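S.K.: Dropping the structure in here first, questions after.
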Amino acid sequence: MADNIARVFADAIAPDPTRPLLTWYDDATGERTELSGATLANWVAKTANLLVDELALAPGDTAGVLLPPHWQTAAVLLGCWSAKLTVLDMPGDVDVLFAAADRVAAAPEWSAGERYALALNPFALPMREVPPGFADYVVEVRGHGDHFTPYSGGGEADADLLTRAAARAAHLGITPGDRVLIDAATHPDPVDWLLAPLTAGATIVLCANLDPTRVASRATTEKVTHTLP
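Residue numbers (full-length UniProt numbering): 1 to 229.
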């Protein structure tokens with residue numbers, strides 16, 4: 001097994017960077033966003049460059065992530081892990097905070113050096129109104145480079161997450177080459193919806209507000225081989 005999350009991500013892309021790696025659906029809005037490995041890698045690199053070049057963060061610094069399962073959340077998390085930040089999901093002192101627009105109200109529980117809000121809009125559109133004290137992640141990240149060389153080696157946090165991800169992949173029955181349809185509501189932990197499939201060498205169809213009547217047709221359309229209801 002790879003010794004760090006950045007290597008797991010790189011290995012997931014390597015067989016064919018143009019194939020869909022993460023496809024996002026929101027059945028409440030009708031949104032569908034498909035990201036190839038190469039496209040997601042660009043977002044991840046931009047995020048890591050934002051953290052390192054603009055914020056001057058270093059391995060071991062901390063990031064708070066108040067985000068639901070979403071393709072932009074995948075970019076934020078993988079960007080943080082590529083920059084060797086420790087990602088926290090419980091309130092505390094962090095160097096940078098990423099919060100969904102509807103979770104900004106919880107931000108006062110966090111002490112953060114820098115704060116970014118995400119509207120999670122279709123097509124990654126900017127926010128119409130940026131909350132006070134925050135910057136718009138989508139606007140800020142776009143100006144950064146499409147390539148980032150992740151720090152080598154694995155730390156304790158990477159090892160723990162990868163061990164958990166491998167165990168979850170086995171428990172959930174995810175195998176190499178699978179295309180996995182995941183209900184975001186029942187699998188909100190990124191270890192389940194992001195790291196377990198990547199660790200197993202699978203690709204992801206992540207669905208929010210999943211309409212049960214659409215599962216069968218979507219599985220056919222997306223060539224799904226495994227479903228996590």
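For each residue, glycine too, the CB sits at the ideal point set by N, CA and C.
Keep in mind the model is a prediction, meaning the values are calculated, not measured.
1) Can you have a look at D95 and say buried or exposed, based on whether 16 or more other CB atoms are within 10 angstroms of its CB?
2) In the structure shown, what three-state DSSP assignment does G64 receive?
3) Which whole runs of the alpha helix (DSSP H) in the region 147-209 are 4 residues long or more, in chain order?
4) Taking only runs of the alpha helix (DSSP H) that begin and end inside the region 55-116, which ones reach a length of at least 4 residues, in chain order?
5) Report the three-state DSSP secondary structure of E140 (helix, strand or coil).
6) Got a sec, what are the start and stop residues for the alpha helix (DSSP H) L51 sits in?
7) Below 8 Å CB to CB, which residues in the same chain sit around R19 once its five sequence neighbours on both sides are set aside?
8) Excluding sequence positions up to five away, which residues of its chain have a Cβ less than 6 Å from the Cβ of P122?
9) Taking only three categories from DSSP, how would you classify R218?
10) Hey, how far is the Cα of H171 from the Cα of A200?
11) Taking the alpha-carbon of L55 as reference, which of T39, S217, A135, P131 has the nearest alpha-carbon?
12) Whose CA, out of E114, E140, A219, lies closest to the CA of A124?
13) If you follow the alpha helix (DSSP H) that D11 is in, where does it begin and where does it stop?
14) In whole angstroms, what separates the C-alpha of A41 from that of I174?
15) Is the region 96-113 touching the region 61-71 in the sense that three or more CB pairs, one from each, lie closer than 8 Å?
16) Is it the case that the region 210-223 contacts the region 70-85, given that we only count it when at least three CB pairs across the two stretches are under 8 Å?
17) With H, G and I counted as helix, E and B as strand and the rest as coil, what does DSSP make of A135?
18) Would DSSP call P229 helix, strand or coil?
19) Using the rule of at least 16 other Cβ atoms within 10 Å of the residue's Cβ for burial, across every protein chain shown, is D119 buried or exposed?
20) Beta-carbon within less than 6 Å of residue 296's beta-carbon, same chain only, minus the 5 sequence neighbours each way: which residues are those?
M.R.: By the coordinates alone:
1) buried
2) strand
3) 156-172, 196-200
4) 71-82
5) helix
6) Element bounds for L51: n/a, residue is neither H nor E.
7) S36, G37, T203
8) E31
9) helix
10) 11 Å
11) A135
12) E140
13) 5-13
14) 22 Å
15) yes
16) no
17) strand
18) coil
19) Residue identity check: residue 119 is Ala in the sequence provided, not Asp. Burial call: buried.
20) Because the chain in this structure spans residues 1 to 229, residue 296 falls outside the shown range and cannot be described.
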